[in-house]
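J.: Supplied in C-alpha cells, the structure appears directly below.
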Amino acid sequence: AFGWIVPMAFSALGVEFQPVTWVLFVITMLWVLIYDTEYAMVDRDEDKLIGVKSIAIFFGDYDVLAIAVMQVIMIGLLLLVGEMSGRSWLYAVGVVLSSVYFVRQQILMSLDKKSGAYAAFLNNNCFGMTIFLLLLADYIVTG
C-alpha cells in the first residue's frame, strides 16, 4: 500500500505520469519488501506456530539472499532515477554512500538472523534519512 503514495503524489500535484513515476513506485515497493522481510524474520517461528504466511516464511532459507537481491536492484533503480531526473553527481554519491547501510544490514543478518534482522530493520531509518539529506543537498547545490 505504501508504494501507491508515489502515483498519488504525482496525481495530487497535477504532474503527468512519466517513466520516473513508475520507477519510483517500484523502488518504494522494493524498500517495503526489504524492511518487511527483515521484520518478519524476527518472529518467523511464532508466525509458523499460528499459521501466519509472512514473506520471511515464503523466502525460507533464502531470505537474506532475497533481501540482498532486492537491495541491489533498489540501489540501481535509485541511480537510474537520478539519471532520469537530471540529478547531479552529489545525488549519485549519496546513493552509493547510502548503500553502505544495506551492506551493514547484510552483515547484521549474517551474524544473527533473528536479532540481526531486527537491527537491520531499524537501520532502514538511517538509510532513508541519508537518501533524503543527500537529495536535499543536491537540490540546494544544483537548484
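Counting from 166, one number per residue, gives the positions in the sequence shown under our numbering. Beta carbons: idealized from backbone N, C-alpha and C, even for Gly. Small disclaimer: the values here were computed from a predicted structure and weren't measured.
#1: Between Ala257, Ala284, Asn288 and Ser275, which has its C-alpha nearest Leu299's C-alpha?
#2: In its own chain, which residues sit with a C-beta less than 7 angstroms from the C-beta of Arg269, not counting the 5 before and 5 after it?
#3: Pairing CB atoms from the stretch 212-228 with CB atoms from the stretch 172-187, are three or more of them under 8 angstroms?
#4: In the structure shown, what three-state DSSP assignment does Arg269 receive?
#5: Take the Cβ of Ala285 as the centre, count every other Cβ of all protein chains shown within 10 Å, and call the residue buried at 16 or more, exposed below.
#6: Take every Cβ of the stretch 258-268, pair it with every Cβ of the stretch 220-240, and state whether three or more of those distances are shorter than 8 angstroms.
#7: Just curious, the alpha helix (DSSP H) that Arg209 is in, first and last residue?
#8: Please name the residue, chosen from Gln271, Val260 and Tyr204, that lies closest to Leu230 on a Cα-to-Cα basis.
T.: Judging by the given coordinates:
#1: Ala257
#2: Once the five neighbours on either side are set aside, the close Cβ partners of Arg269 are Asn288.
#3: no
#4: helix
#5: It counts as buried.
#6: yes
#7: Arg209 to Ile215
#8: Gln271
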